[in-house]
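Student: Residue numbers (UniProt numbering), protein chains in the order written: chain A, 1 to 252; chain B, 1 to 142.
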Amino acid sequence: MSTLGPTMKIHAVAPDRIIVIMPAFNEQEALPSTLAGLLATPLPLDVVVIDDGSSDDTAAIATANGAVCLQLPFNLGIGGALRTGFRYAVELGYQRGIQFDADGQHDASQIEALLAPLAEGADMVVGSRFAGAGDYRVGRSRGFAMNILRWAIRRLAGQRFTDTSSGFRSFGPEVLALFAAEYPIEYMDSVEALVMSCRAGFDVREVPTVMHERTGGVASNRSFRLAYHYVRVLVSLANTPKAQRRVAETSA
Amino acid sequence: MSTRAHVMLAILVAMAIFVIIRLVRRRHLKAKYSLLWLTLGGFMVVIAAVPGLLDWTAARLGIYYEPTLLILLGLALILLIVMHFSYELSRMENRVRTLAEESAILRHRLGVLERLAETSSDQPVDSGGEPADSGGEPDPLP
């Protein structure tokens, strides 16, 4: 990748550091407590907040609360914000990364459970709301749509997942590099990303995690748009290329 | 088609081609897009200039109402052009997104460098101030 040039030297990070990638769109209310929760853990976490064109003080609050903030010039949507984070992680040479929601939905105490499989050779780990721990609930129609999606993913990924849309994930260096180069940019990116890395031949695992109901912000689930996105995502999932595992890219 | 219709068509096509060439010459239109439209224009010129051609072709293709052939061909070409635009638009959106992402990262990195320059030198940096090449690694976290 051309961006991995001499600039890497200026910033290079210690190999044990873990980057927490957190997209944020108008999250000034939830950010301080989310960031405080992360920085209170004993883990060597560096938090990067990607301000996705917020109109509030998200950027200033992120910086004031101990995070690095990348400010996008305009709103790219969650997928674009995440890709920015992956790109930054790869440029700085992070070996492990966490995807974490800014809205208080995820619990920092669960990160260790999410990281554990990486040490055992997994390339990507998904924190599931439904695999046992916690008591997170979803509505009936959303649950139905999730079932269809789960079936499609099982066929495409060749593997069973209980929570395909979970945005609580951890990544090893190779998956970070894959996502820095190409990450699905539209809504429900998390589902597409999951299938993408399975089809690229990575070892993707799932662990049960506890999650909270979201504290700030509004969930994006108006039924019309949701239906449209479910159809769109099925079409694009069917077109995900089955590629060979890209080892060469990370060794550059 | 009547002779009058053919003359009208010829005039319209000539005007369209004139406008396209003018736009290209003033660099308001990229040559690669103009090619598409000029092809369409050239096609229309032939039809306008040779009155019997359309009727003859339609008869050979088994189309009994001749203007249908014209509409069919025109529609096919326009669909092709629109598809080409969708393709270009997707490519352009990708590039814009990548630029936005890159700009966010560079903006942050510039901020880090600026802060570093402020703290590492009392005097303002003058021409050719060389960057710290080793040791002085800024912590990405403040």
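Beta carbons are placed, not taken as given, at the ideal position from N, Cα and C, and that holds for glycine.
Would T84(A) pass as an interface residue toward chain B - the criterion being a Cβ-Cβ separation below 8 Å?
Tutor: T84(A) counts as touching chain B.
Student: Note down the Cα distance separating M211(A) from M22(A), rounded to an integer number of angstroms.
Tutor: 16 Å
Student: For G216(A), which residues from the same chain have a beta carbon less than 8 Å from its beta carbon, with the 5 sequence-adjacent residues on both sides left out?
Tutor: Caution is warranted here: a pLDDT of 46 is assigned to G216(A), below 50, making its placement in the model unreliable, and no coordinate value can be reported.
Student: To the nearest angstrom, how far is it from the Cα of S128(A) to the Cα of R115(B)?
Tutor: 41 Å
Student: My assumption, with CB atoms under 8 Å, is that F202(A) sits in contact with E182(A). Please give the rounded CB distance.
Tutor: The Cβ separation is near 14 Å, so there is no contact.
Student: Mapping DSSP to helix, strand and coil, what is I185(A)?
Tutor: Correct three-state label for I185(A): coil.
Student: List the endpoints of the continuous beta strand (DSSP E) containing R205(A).
Tutor: 204-208
Student: What did DSSP end up calling G42(B) once you bin it into helix, strand or coil?
Tutor: Note: G42(B) maps to helix in three-state DSSP.
Student: So I21(B) is in the beta strand (DSSP E); what residue range does that whole segment cover?
Tutor: Here I21(B) belongs to no beta strand (DSSP E); instead the alpha helix (DSSP H) covers 3-25.
Student: Please list, in chain order, the chain B residues whose beta carbon lies closer than 8 Å to that of I148(A).
Tutor: Under the 8 Å cutoff, chain B gives no residues; its nearest Cβ is about 27 Å from I148(A).
Student: Flag this pair as touching only if the stretch 77-93 of chain B and the stretch 50-63 of chain A have three or more C-beta atom pairs under 8 Å; answer yes or no.
Tutor: no
Student: Which value, in whole angstroms, describes the spacing of the CA atoms of A180(A) and A200(A)?
Tutor: 14 Å
Student: Using the beta-carbon count (16 or more within 10 Å), is G53(A) buried or exposed?
Tutor: buried
Student: Taking beta-carbon pairs under 7 Å, can you tell me which members of the stretch 93-112 of chain B lie near chain A?
Tutor: R97, A100, E101, S103, A104, I105, R107, H108
Student: Go to P15(A), then tell me how far its alpha helix (DSSP H) extends in each direction, as first and last residue.
Tutor: Unbroken run through P15(A): none, as it is neither H nor E.
Student: Please confirm if the stretch 112-128 of chain A is in contact with the stretch 159-174 of chain A, defined as three or more CB-CB distances below 8 Å between the two stretches.
Tutor: With the cut-off at 8 Å, the stretch 112-128 of chain A and the stretch 159-174 of chain A touch.
Student: When the cut-off is 8 Å and only beta carbons count, does Y88(A) lie next to chain B?
Tutor: yes
Student: From which residue to which residue does the beta strand (DSSP E) around residue 195(B) run?
Tutor: Examination of residue 195(B) is not possible in this model, given that chain B is present from 1 through 142 alone.
Student: Helix, strand or coil for M124(A)? Go by DSSP, reduced to three states.
Tutor: strand
Student: How would you write the range of the alpha helix (DSSP H) that F171(A) sits in, first residue to last?
Tutor: Counting along the chain, F171(A) falls outside any alpha helix (DSSP H), though it belongs to the beta strand (DSSP E) covering 169-171.
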